[in-house]
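Heads up, the thing below is written out as structure tokens.
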Amino acid sequence: AQTAACTQVSQWRKSTTTEHYRALMERGTGYFDLKKFPAAEQDYDAALTLVPGDALAFASRALTYNAQGGFARALHGLNETITANPDNPVLLYVRALILKAHKMYTRAIEDHGRVIQALPDYADAYNGRAIAYTQSNQGELALADYNKAIALNPANAGYYNNRGIAYRMLNQ
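Letter 71 of the sequence shown, counting from 1, is numbered 82 in the numbering used here, and no numbers are missing.
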């Protein structure tokens, strides 16, 4: 009977931790959307104390650092986490977004490529890499990735718009 009670308490703690983690992540996202970045950062830090090493919390915190002008801090945190989890597509995707925002297109292209290797049906990764190709004047490569993104998710109008930009770049 005591073992069953211990098991129940353990399961309750786990579900409570999971619910608390979700609540912190949701609230952090809400703060981020409202541009209340210090509050979002606090929630992501708290989520990481509940679920250490969680890729989504690390990625969200990095985006928050970057939104506050902390590019170096965001990149440093992501680099450390990616070193420990080199094939994590969430971390790689967020690092690619941040690199792209700071015009580091070659590195962003590499990270998007690694995401595509891990998740070959993830249309946003093709679109993200295509944007980096477009920004680095590699129109043909951009066009191929936009076409792939559209093939994977034809309902996303943004992909068509982005492809149009690549066509204009190529004078087509």
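The beta carbon of each residue, even a glycine, is placed where N, CA and C say it ideally should be.
From a predicted model like this one, the values you see are computed outputs, not experimental measurements.
Cα-Cα separation between residue i and residue j, rounded to whole angstroms
| i | j | result |
| --- | --- | --- |
| W23 | L35 | With a pLDDT of only 49 at W23, under 50, the local geometry of the prediction cannot be trusted, and the value read off the model is given with reservation. Those two C-alpha atoms are separated by around 18 angstroms. |
| A68 | Y76 | 12 angstroms |
| G80 | D54 | 19 angstroms |
| L110 | A136 | 14 angstroms |
| E37 | A177 | 36 angstroms |
| F48 | D56 | 12 angstroms |
| A73 | R179 | 34 angstroms |
| T92 | G39 | 20 angstroms |
| R174 | A85 | 30 angstroms |
| V20 | G64 | In this prediction, V20 has a pLDDT of 41, which is less than 50 and means its spatial position is unreliable; what the coordinates show is noted afterwards. Looking at the two C-alpha atoms, the distance is approximately 24 angstroms. |
| H31 | D98 | 27 angstroms |
| A107 | K114 | 10 angstroms |
Test item: CB-CB of residue i and residue j under 8 angstroms
| i | j | result |
| --- | --- | --- |
| A70 | V105 | yes |
| Y116 | A143 | yes |
| A100 | A129 | Checking the displayed sequence, the identity of residue 100 turns out to be Pro instead of Ala. Result yes, Cβ atoms of P100 and A129 sit closer than 8 angstroms. |
| L163 | A134 | yes |
| A66 | N96 | yes |
Pick from the options that is closest to residue i, judged by C-alpha positions
| i | options | result |
| --- | --- | --- |
| L181 | N148, L163, G169 and D156 | N148 |
| A141 | A155, N164 and L61 | A155 |
| L61 | F43, A78, L45 and R33 | R33 |
| A119 | N138, A166 and D44 | N138 |
| H123 | E151, A160 and Y42 | A160 |
Contact with chain D by residue i, beta-carbon distance below 8 angstroms
| i | result |
| --- | --- |
| A70 | Going by chain labels, chain D is absent from the structure shown, which holds only one protein chain. |
### Message
Restricting to runs no shorter than 4 residues, where is the alpha helix (DSSP H) found entirely within the stretch 115-174?
### Response
116-129, 134-146 and 150-163
Unbroken stretches of the beta strand (DSSP E), 3 residues or longer, contained in the stretch 48-90 = none
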